[in-house]
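As structure tokens, the structure follows; a few thoughts come after it.
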Amino acid sequence: MTTTVRTPENLDSRGMSTITWHRPLIVLAAASALLAVACGIGILVDSRVILGVNLWEKPLKFAISIAVYAITWSWLIGQLTRFRKVAWWAGTASAVLLVIEMVIIVGLAAAGGTSHFNVSTPFNTAMWSIMAFSITALWVATFVMSIILFRNPFADPARTLAVRAGALIALVGMGLAFLMTGPTAAQLDDWQGIAGAHTVGLADGGPGLPVLGWSTVAGDLRIPHFVGMHALQLIPLALLLLELASRRVAILRSATVRRDLVWVVTGAYVATLGLLTWQALRGQSIVQPDATTLAVAAVIAAASVAAVVAVLRSNAASVVRG
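Using our numbering, you'd call the opening residue of the sequence shown number 5 and step up by one each time.
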């Protein structure tokens, strides 16, 4: 059920690693990486477009996102010491649900159609219903794994906080996808068999940022959805940078200081996620913030800097004495 790999850290008496990975999720990560390559090739050789973008772009983005999700949770499950069997089954369920979702996304894209929000025919409605069930069940499985993280502390309190905070914010980010699933007023007025949209204020498919595709002319709920989901990677990454910096900055060698700074990062992340969600719901493009949005962003930035300074000052004396 798990796979053991060698690393130079945490070796046993024979010099072997004791780190294990959740095998179904690792297999899914590898398969998703291969699928991403295939979709990249598809973009180069297939010129068909859906809503103004190459039809293989969406499967490519989902393949990359799923690979990141799978490898992250595969590693986390491998670190657990309590409720590991429950986490294993939740991880396996997540892998199966994501496979179902990707099969539908890739299959409909290859056929030249859309997957999300498409209820234009009985078949498309059935496919979207299966996807909706899979997405909801995936959220539940991820919730179970996240709760189990709270029963399995790491030795370092900063790492414990970073992983737990990242997992909870990621759950919120996943949940923000449900804001996209209701039909818009424009869709109801001119019914075309599409019930739901990620763009707020205009129809899906307008001008977007390169690669990401986020709308440059209207609000886009994919932005907070993306930022929220990847808190599980970005907050621990921030801690990793602090740990690397601790080699040169003495005060960061304190686990308490690193933990307090992770609290600051978490607070700033939550505030930013709230701002991005609010901005999208107001129909405002990420690249066209108004004065109110900029003012709120400035407050978040100033408060974050002030919090960092407060943490460093409050711990400086104790570090010097130590």
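By construction, the Cβ of each residue, glycine as well, lies at the ideal position given by its N, Cα and C atoms.
Local conformation of residue i per DSSP, three classes
i: H229; result: helix
i: I109; result: helix
i: N58; result: strand
i: S219; result: strand
i: N156; result: coil
i: A42; result: helix
i: T327; result: Residue 327 lies beyond the residue range present for the chain, which begins at 5 and ends at 326; the question has no answer from this structure.
i: V204; result: strand
i: I139; result: helix
i: M20; result: Note that M20 scores 34 on pLDDT, short of 50, meaning its location in the model is unreliable and no value can be drawn from it.
i: W195; result: coil
i: D50; result: coil
i: L316; result: helix
i: D224; result: strand
i: G209; result: coil
i: T8; result: Any answer about T8 is weak, because its pLDDT of 49 lies below 50 and its placement is not dependable; what the coordinates show is given next. T8 falls in the strand class under three-state DSSP.
i: A307; result: helix
Backbone CA spacing between residue i and residue j [nearest angstrom]
i: E61; j: V315; result: 43 Å
i: A42; j: R252; result: 43 Å
i: V240; j: L285; result: The identity of residue 240 in the sequence shown is Pro, whereas the question assumes Val. Cα to Cα, the separation comes out at about 28 Å.
i: I309; j: V261; result: First, the amino acid is wrong: residue 309 is Val here, not Ile. So the alpha carbons of these two residues sit roughly 15 Å apart.
i: S318; j: V148; result: 37 Å
i: T220; j: L102; result: 29 Å
i: L112; j: T140; result: 20 Å
i: R88; j: V167; result: 16 Å
i: H26; j: D294; result: 45 Å
i: V291; j: T24; result: 42 Å
i: W132; j: P126; result: 10 Å
i: A145; j: W282; result: 27 Å
i: R52; j: T276; result: 36 Å
i: I134; j: I54; result: 21 Å
i: A254; j: R263; result: 15 Å
i: L38; j: L48; result: 16 Å
i: T76; j: L213; result: 27 Å
i: A306; j: F230; result: 24 Å
i: A320; j: L265; result: 13 Å
i: A34; j: V100; result: 14 Å
i: A136; j: T296; result: 35 Å
i: V114; j: N128; result: With the sequence shown as reference, residue 114 is identified as Ala, and Val is not the correct amino acid for it. Taking the straight line from one Cα to the other gives about 14 Å.
i: S150; j: A301; result: 29 Å
i: T8; j: D194; result: Only weak support is given to the placement of T8: the predicted model assigns it a pLDDT of 49, under 50, and the value that follows is read from those uncertain coordinates. If I take the Cα positions, the gap works out to 55 Å.
Whole-Å CB distance - residue i paired with residue j, under 8 Å assumed
i: I227; j: L280; result: 5 Å
i: V57; j: G197; result: Going by Cβ atoms, the distance from V57 to G197 rounds to 20 Å, so no, they are not a contact pair.
i: A67; j: S36; result: 5 Å
i: L246; j: L256; result: 6 Å
8 Å Cβ cutoff met for residue i and residue j
i: T327; j: P28; result: Not covered by the structure: residue 327. The range shown for the chain is 5 to 326.
i: A94; j: L32; result: no
i: G271; j: M233; result: no
i: A91; j: I173; result: no
i: G287; j: G186; result: no
i: L175; j: W267; result: no
i: I104; j: S69; result: no
i: L59; j: A40; result: no
i: G209; j: S289; result: no
i: S78; j: I30; result: yes
i: G278; j: L236; result: no
i: A207; j: A189; result: no
i: A311; j: L243; result: no
i: A259; j: D160; result: yes
i: L183; j: L225; result: yes
Inter-stretch contact (C-beta, 8 Å, three-pair minimum) for the stretch 99-115 and the stretch 172-190:
Because the criterion of three Cβ pairs below 8 Å is not met, the stretch 99-115 and the stretch 172-190 do not touch.
Cβ contact (3+ pairs, closer than 8 Å) linking the stretch 154-172 and the stretch 77-88
yes
Can we say the stretch 195-214 touches the stretch 117-136, given the rule of at least three CB pairs closer than 8 Å?
yes
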